[in-house]
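Reviewing the structure listed below.
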Amino acid sequence: MLFTLILYSIILILIITFIIIYVKQYEYFKARQIPGPTPSYFFGNVKTLWNAESPSRQLVEWSKQFGKIYGIFEGTRPHYIVSDVDFLQEVFIKQFSHFPIRKTTIFSKALNKGKRIHLFSALGTRWKRQRNVINPTFSAVKLKQMSPLINNCINELMKKLPDYSEKHEDFNIYVLYKRLTMDVICRCAFGVDTDMQNNPDNIYLKKVGQAFSVNFQNMPLFKLGTLVPPVGVIVGDLFIFQNKVRQKLNQLFPSTIKKFEPIPGTWIMARVGEVIEMRSDVAKQRVDLLQLMLEAASREQIKDKKDDVDEQYIAKKLTYDEVIANVFLFMIAGYETTSTALAYCTYVLANHPEEQLKLQEEIDEYLLQNEDEEDPDYDVINRMPYMDMVIKEVLRMHPIAISGIMNRECTQETDICGIKITKGAIVQPDVYSIHYDQELWGPQDVNNFCPERHLTKRHPLAFLAFGVGPRNYYHSHISYYHLNL
Ligand code: HEM
-13 MLFTLILYSI ILILIITFII IYVKQYEYFK ARQIPGPTPS YFFGNVKTLW NAESPSRQLV
47 EWSKQFGKIY GIFEGTRPHY IVSDVDFLQE VFIKQFSHFP IRKTTIFSKA LNKGKRIHLF
107 SALGTRWKRQ RNVINPTFSA VKLKQMSPLI NNCINELMKK LPDYSEKHED FNIYVLYKRL
167 TMDVICRCAF GVDTDMQNNP DNIYLKKVGQ AFSVNFQNMP LFKLGTLVPP VGVIVGDLFI
227 FQNKVRQKLN QLFPSTIKKF EPIPGTWIMA RVGEVIEMRS DVAKQRVDLL QLMLEAASRE
287 QIKDKKDDVD EQYIAKKLTY DEVIANVFLF MIAGYETTST ALAYCTYVLA NHPEEQLKLQ
347 EEIDEYLLQN EDEEDPDYDV INRMPYMDMV IKEVLRMHPI AISGIMNREC TQETDICGIK
407 ITKGAIVQPD VYSIHYDQEL WGPQDVNNFC PERHLTKRHP LAFLAFGVGP RNYYHSHISY
467 YHLNL
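Going by this note's numbering, the sequence shown opens with residue -13, and the numbers climb by one from there.
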């Protein structure tokens, strides 16, 4: 009897202690005198974001209410939502070593246990090693070598457009840009001569489209995993496991392929693996990202040492699995972003005929001066300042790749602008509020399309369309190049 009583008392004390610790976590921002919307127990503030028509717009609403630095909770995990550019400069650039990763999710954790890890989700020294190898593949010289591949795709689109205009019917140019972008990526990333613009049923286009149509974040299990991290770890592992089982069943019983079809990402990576096998016979004939990465690939296992090792000891190698994962990443990272940006550029220019004319004049001027050159290449694009300003202004007004991407997780406690940030806390810029901040982007009205505002030097953190800091920097080459052509 006494024993049972003691046991019940201990359990009760444990439960009460757990509740106190749990509830106390919601004091995190109050203790730092940082304002924010009131969280509800268990959910924090995510229910509001899940129900919002646009989570980014919800952040803007809260920024108006609570100011440039405020706090919200995902479950019990604190998120600093920031539109103070000096604070962000500390996080993304000056104190990058304390914020070297994006927010870890149940999937990034599960993926990091496996072999197929790409730049986007790689952590620590693995990320540094991958960047060391991959950065040179995005050099201006290498991109220049890819010009013919890109120009061929553009020429295909140019052949199609007159048909549409002659018919005087509405058509959706976004669809054409998606096909174009996927063609460019497949040719530049892994040398598959796709012709999606003439063959819209192409299987790669379908698979990448499917990869985007599945929104894991809306799935109830993913949501539960986000709110209760230990459940998340199990969900992530289960997801990886069931995908491996599907793959195996698919290999063993190909006739039932529909049922056990691997998820689109796994399917694409399997195709990249096949291309690599074929490459061993015809090596060095192509100049594409796959070939450039294969030159640094090793069949041996690469052991990354601790995070703080000296740069010079980081191996300049990738495993074959990492090459496959990164080719997949380029397809995913370049497809939606570039095609959506092109669609926005078209939309904005159609609504601003004067600016469109100016841009056309800049292009015509170049073409007049270089009549004998065939297609414009990387150097030419760099000589078009108005083009540069137009693209920047479109992406200032319509930043596309922001939710879930532009954030950093604190890996080591630190002080930012007098605020103590603890390990595990997330810092997320409110990109819309920053891009529409009159103080940062004036004197012209921030709601007006005005490419010339980019002639004025702005705060280094005022423009976030391509991200910022060491986890971003080669975008200035690749994205501009793809967008400009
Ligand atoms: C208009 C086009 C594009 C936009 C707006 C865009 C935007 C972004 C943004 C906002 C990030 C997060 C950066 C950060 O966290 O600071 C990112 C990361 C990344 N993007 Fe893009 N992107 C574009 C095109 C591309 C293309 C064409 C590729 C490759 C072919 C690419 C590859 C990547 C990679 C590999 C990362 C992760 C880098 C790392 O963590 O080290 N992106 N992108």
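Glycine is no exception: its CB is placed at the ideal position from the N, C-alpha and C atoms. Source: prediction; values computed, not measured.
Worksheet item: Relative to the C-alpha of P23, which residue among D416, L280 and E47 is closest?
Response: The shortest C-alpha to C-alpha distance from P23 to any of D416, L280 and E47 is the one to E47.
Worksheet item: Does the beta carbon of I79 fall short of 6 Å from some heavy atom of the ligand HEM?
Response: The beta carbon of I79 sits no closer than 6 Å to any heavy atom of the ligand HEM.
Worksheet item: From the DSSP output, which residues share a beta bridge with G30?
Response: The beta-bridge partner set that DSSP reports for G30 consists of S26 and E60.
Item to complete: Grab me the residues of L135's own chain with a C-beta within less than 6 Å of its C-beta, minus the 5 sequence neighbours each way, in chain order.
Response: Sequence-distant partners of L135 (beyond 5 residues in either direction) whose C-beta falls short of 6 Å from its own C-beta, in its chain, are R173 and C174.
Discussion item. Could you check whether H65 and N312 sit closer than 7 Å to each other, using their CB atoms as the reference points?
Written reply: Not a contact, by the Cβ cut-off of 7 Å.
Practice prompt. Taking all protein chains shown into account, decide if A336 is buried (16 or more other Cβ within 10 angstroms of its Cβ) or exposed.
Written response: When all chains shown are included, A336 counts as exposed.
Worksheet item: Using DSSP with H/G/I as helix, E/B as strand and the rest coil, what is A282?
Response: If DSSP states are grouped into helix, strand and coil, A282 belongs with coil.
Practice prompt. Give the DSSP bridge partners of E395, in chain order.
Written response: Listed as beta-bridge partners of E395 by DSSP are I87 and I412.
Fill in: Check: N121 C-beta below 6 Å from any heavy atom of the ligand HEM
N121 Cβ: outside cutoff for every heavy atom of the ligand HEM.
Discussion item. When you compare the CB positions of K193 and P250, do they come within less than 7 Å of one another, or not?
Written reply: Yes, Cβ-Cβ distance for K193 and P250 is below 7 Å.
Item to complete: Name the residue from S133, Y56, G100 and L0 whose alpha carbon lies nearest to the alpha carbon of D365.
Response: That would be S133, whose Cα lies nearest to the Cα of D365.
Discussion item. What does the Cβ neighbour count give for G218, buried or exposed, with the cut at 16 atoms within 10 Å?
Written reply: The C-beta of G218 has 16 or more other C-beta atoms within 10 Å across all chains shown, which makes the residue buried.
Practice prompt. Could you say which of N158, Q414, V178 and L143 lies nearest to L166 if we only look at CA atoms?
Written response: Taking the Cα of L166 as reference, the smallest distance to any Cα among N158, Q414, V178 and L143 is reached at L143.
Practice prompt. Within 10 angstroms of the Cβ of A329, are there 16 or more other Cβ atoms? Answer buried if so, exposed if not.
Written response: The residue in question, A329, is buried, as its Cβ has 16 or more Cβ neighbours within 10 Å.
Worksheet item: How many whole angstroms separate the CB atoms of D72 and C403, which I take to be in contact at a CB cut-off of 8 Å?
Response: At roughly 7 Å, the Cβ-Cβ gap stays under 8 Å, so D72 and C403 are in contact.
Practice prompt. Report yes if the C-beta distance between A480 and V309 is below 7 Å; otherwise report no.
Written response: Since the first residue shown for the chain is -13 and the last is 471, residue 480 is missing from the structure and cannot be characterised.
Discussion item. I'd like the ranges of any beta strand (DSSP E) spanning at least 3 consecutive residues and lying wholly in the region 149 to 195.
Written reply: Runs of the beta strand (DSSP E) spanning 3 or more residues and lying entirely within the region 149 to 195 do not occur at all.
Worksheet item: Hey, quick one: how far does the alpha helix (DSSP H) through T(-10) stretch, first residue to last?
Response: Note, T(-10): alpha helix (DSSP H), L(-12) to Q11.
Worksheet item: What residue range is occupied by the uninterrupted beta strand (DSSP E) comprising K406?
Response: DSSP places K406 in the uninterrupted beta strand (DSSP E) bounded by I405 to I407.
Worksheet entry | Environment of S40 [buried if 16+ CB atoms lie within 10 Å] | It is exposed - the Cβ of S40 has fewer than 16 other Cβ atoms within 10 Å.
Discussion item. With H, G and I counted as helix, E and B as strand and the rest as coil, what does DSSP make of L105?
Written reply: Three-state DSSP puts L105 in coil, outside helix and strand.
Worksheet entry | Assigned exposure category for E347 - 16 Cβ within 10 Å defines buried | By the neighbour-count criterion, in which a residue is buried when 16 or more other Cβ atoms sit within 10 angstroms of its Cβ, E347 is exposed.
Practice prompt. Could you tell me if the beta carbon of G320 falls within a distance shorter than 6 Å of some heavy atom in the ligand HEM?
Written response: For the ligand HEM, at least one heavy atom lies less than 6 Å from the Cβ of G320.
Practice prompt. Return the bridge partner residues of D401 from the DSSP annotation.
Written response: Partner(s): K406.
Practice prompt. Within its chain, find whatever has a CB closer than 6 Å to the CB of A108; leave out the 5 residues flanking it on each side and keep chain order.
Written response: Excluding residues within five positions, the ones whose Cβ falls inside 6 Å are Q116.
Worksheet item: What span of residues does the alpha helix (DSSP H) with Q116 cover, start to end?
Response: For Q116, the enclosing alpha helix (DSSP H) covers residues G110 to I120.
Worksheet item: Across which residues does DSSP place L123 in a beta bridge pair?
Response: The question names Leu, but residue 123 in the sequence shown is Thr. The partner list for T123 (beta bridge, DSSP) is empty, contrary to what the question assumes.
Worksheet item: Quick one: is Q398 buried, meaning 16 or more other Cβ sit within 10 Å of its Cβ, or exposed?
Response: Result: exposed.
Worksheet item: With a CB to CB cut of under 8 Å and the five nearest residues on each side skipped, what residues in its chain are close to I254?
Response: So the qualifying residues of the chain are Y190, K193, V194, A197, F314 and M317.
Item to complete: Give me the Cβ distance between T62 and G30, rounded to the nearest whole Å; I'm assuming they're in contact under 8 Å.
Response: Between T62 and G30 the beta-carbon gap is near 6 Å, inside 8 Å, which marks them as a contact.
Worksheet item: Within the present structure, is the beta-carbon of G259 separated from the nearest heavy atom of the ligand HEM by less than 6 Å?
Response: Checking every heavy atom of the ligand HEM against the Cβ of G259, none is found closer than 6 Å.
Worksheet item: Closest to V432 by CA distance: which of K443, L441 and S419 is it?
Response: When C-alpha distances from V432 are compared across K443, L441 and S419, the shortest belongs to S419.
Fill in: Coil, strand or helix - I136 by DSSP
Three-state result, I136: helix.
Practice prompt. Flag I220 as yes when its Cβ comes closer than 6 Å to any non-hydrogen atom of the ligand HEM, and as no otherwise.
Written response: I220: no, Cβ never under 6 Å from the ligand HEM.
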